[in-house]
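**Student:**
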DNA sequence: ACGTCATCATACTGGACAGTCTAGTCTGAC
DNA sequence: GTCAGACTAGACTGTCCAGTATGATGACGT
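Residue numbers (this note's numbering), protein chains in the order written: chain A, 1 to 211; chain B, 1 to 211.
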């Protein structure tokens, strides 16, 4: 309201983001059908008409929200992966990767997004496909690339890099994620438990696939 | 309509089951909010009033459906577990257990139930808790009992039976289940792939925890 | 000064739907 | 034959809600 000055699009742009923010909250907590467009309008401090001029329909707004959240989360997990230095650091390297990924994926907002998208597979199969691609599939892809390097250095035995990547991914993610899906955000491991879980997962992985 | 003969409750009982059957279909394919009580009535060949005299409300009917499905599925997975004979059969024994469990859990109806319940965690947290207890938790409990026996025979090393049970469970279930949640029933592995997957999971498990 | 464009508040349309009510039918029991 | 209880078709109530329409305000560029 105050510094709307220089740029003519600024006003519109702010509203746009306010709508997205409000819509994200409301969709995440009420689901697709449970969401009321009037509520989104009032929460974003904008008239209903403005919501419709910006986004066209409830469905389009929903798709936009889910698409942008999945993309952002993927980027946060995967930006700037460090290189493995000394071979002896392999275990610590895998732990660091896993801890970071698990911490992001178990954020309440992302858990809720996952629940929402899974619940709407029937209505929006494309969204779930996109979430799978930008989530687990992308993670497994990154891991595959890492493991190809390890493979060349002789640090990986007994499986193709791609297969090893999938096992690693689910060893780390499966238990916390599946618990959280059903038992709610309170079931997400705290920091200590998370570290212990990841350490065990990495140990099991290396017993099966390590040098 | 024809052979309603001897038992006075038969008529009512048939309707009751017809309603449950129809409601299961409709809830599973449309979700809770997306479900229309008129449709359930007409699909079960019953008047709307009858639906309400039998079940009281939409919510009560939903809870009934989900509760009964989770119980039934759990019973089907766990009824009559065979004993392990010769120690040498350990690998085959674990494979058989895992294959059976995975086959049941990946049935389209149960996958859809899982999606539905996950999507409704916000509205019905109790249902999700029950599904977790009668699903993964129960499976892990059974495995724990099995592994305690193995432990006594010296066939299990390096972890508590309960921890080993959890790792085993998710090694087997995680990848297929998570793919199916998001990619739809078409992503469920066929028989060959399922067998290969289970064989690999058991091998990894035994490498880490076996004798 | 004037037009344009984003926005506003608010009313409205049209349809969906949970749950109730009515008035009457069918069936099996006594 | 009559009664009770299960059932039926369908109308009805009240509410909710996506999306549109209206008419006004205020800021900007020219």
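For every residue, glycine included, the Cβ atom is placed at its ideal position computed from N, Cα and C.
My output table needs one value for residue 86 of chain A: the three-state DSSP class, helix, strand or coil.
**Tutor:** Residue state for residue 86 of chain A is assigned as coil, using DSSP reduced to three classes.
**Student:** Run through chain A and tell me which residues come within less than 8 angstroms of residue 121 of chain B, C-beta to C-beta.
**Tutor:** 115, 181, 182 and 184
**Student:** So if I threshold CB-CB distances at 7 angstroms, which residues from the stretch 55-83 of chain A count as touching chain B?
**Tutor:** none
**Student:** Can you list, in chain order, the residues of its chain with a C-beta nearer than 7 angstroms to that of residue 140 of chain B? Leave out the 5 residues immediately preceding and following it.
**Tutor:** 165, 166 and 169
**Student:** Can you give me the Cβ contacts of residue 208 of chain B inside the same chain, cut-off strictly under 6 angstroms, excluding the 5 residues immediately before and after it?
**Tutor:** none
**Student:** Jot down the residue ranges of each uninterrupted alpha helix (DSSP H) in the stretch 23-88 of chain A, minimum 4 residues, whole runs only, in chain order.
**Tutor:** 37-43, 48-55 and 58-78
**Student:** Hey, is residue 101 of chain A's beta-carbon within less than 9 angstroms of any beta-carbon in chain B?
**Tutor:** The C-beta of residue 101 of chain A comes no closer than 9 angstroms to any C-beta of chain B.
**Student:** Beta-carbon of residue 118 of chain B versus every beta-carbon of chain A: anything under 9 angstroms?
**Tutor:** yes
**Student:** Terminal residues of the continuous alpha helix (DSSP H) containing residue 188 of chain A?
**Tutor:** Counting along the chain, residue 188 of chain A falls outside any alpha helix (DSSP H), and DSSP gives it neither H nor E.
**Student:** Please report how far the alpha carbon of residue 203 of chain A lies from the alpha carbon of residue 91 of chain A, in whole angstroms.
**Tutor:** 8 angstroms
**Student:** So which of B:146, B:101, B:136 and B:130 has the shortest CA-CA distance to residue 194 of chain B?
**Tutor:** That would be B:101, whose Cα lies nearest to the Cα of residue 194 of chain B.
**Student:** How many Å lie between residue 82 of chain A and residue 162 of chain B at the Cα?
**Tutor:** Each residue's Cα considered, the two are about 35 angstroms apart.
**Student:** Below 8 angstroms between beta carbons is the criterion; list the residues of the stretch 10-33 of chain B that meet it against any residue of chain A, in chain order.
**Tutor:** 29, 30, 31 and 33
**Student:** Assuming contact is defined by CB atoms lying nearer than 9 angstroms, are residue 122 of chain B and residue 178 of chain A in contact in what I supplied?
**Tutor:** Here residue 122 of chain B is not near residue 178 of chain A, since their CB atoms are 9 angstroms or more apart.
**Student:** Does the beta-carbon distance from residue 51 of chain B to residue 106 of chain B come in below 9 angstroms?
**Tutor:** Contact flag unset, no.
**Student:** Any idea if residue 80 of chain B is buried or exposed, counting beta-carbon neighbours within 10 angstroms, 16 or more meaning buried?
**Tutor:** exposed
**Student:** Do the stretch 136-151 of chain A and the stretch 144-151 of chain B make contact, defined as three or more Cβ pairs closer than 8 angstroms?
**Tutor:** no
**Student:** Report back the beta-carbon spacing between residue 174 of chain B and residue 174 of chain A to the nearest angstrom; my notes put them in contact at under 8 angstroms.
**Tutor:** The pair is a contact, with the Cβ atoms about 3 angstroms apart (cut-off 8 angstroms).
**Student:** What residue does the alpha helix (DSSP H) around residue 112 of chain A start on, and which one ends it?
**Tutor:** 108-119
**Student:** Using the beta-carbon of each residue, which ones in chain A are nearer than 9 angstroms to residue 178 of chain B?
**Tutor:** 132, 136, 170, 173, 174, 177 and 178
**Student:** Tell me whether residue 125 of chain A sits in a helix, a strand or coil according to DSSP, three-state version.
**Tutor:** helix
**Student:** Excluding the five sequence neighbours on either side, which residues of its own chain have a C-beta within less than 7 angstroms of the C-beta of residue 138 of chain B, listed in chain order?
**Tutor:** 74 and 78
**Student:** What is the DSSP secondary structure of residue 211 of chain B, reduced to helix, strand or coil?
**Tutor:** Coil at residue 211 of chain B, not helix or strand.
**Student:** Can you have a look at residue 112 of chain B and say buried or exposed, based on whether 16 or more other CB atoms are within 10 angstroms of its CB?
**Tutor:** buried
**Student:** If you count every other CB in all the chains shown that lies within 10 Å of the CB of residue 44 of chain A, and 16 or more means buried, which is it?
**Tutor:** buried
**Student:** With a cut-off of 8 angstroms on the beta carbons, I'd call residue 129 of chain B and residue 183 of chain A a contact; round off their distance for me.
**Tutor:** 6 angstroms
**Student:** When you compare the CB positions of residue 37 of chain A and residue 58 of chain A, do they come within less than 9 angstroms of one another, or not?
**Tutor:** yes
**Student:** Beta-carbon of residue 153 of chain A versus every beta-carbon of chain B: anything under 9 angstroms?
**Tutor:** No, because no Cβ of chain B sits closer than 9 angstroms to the Cβ of residue 153 of chain A.
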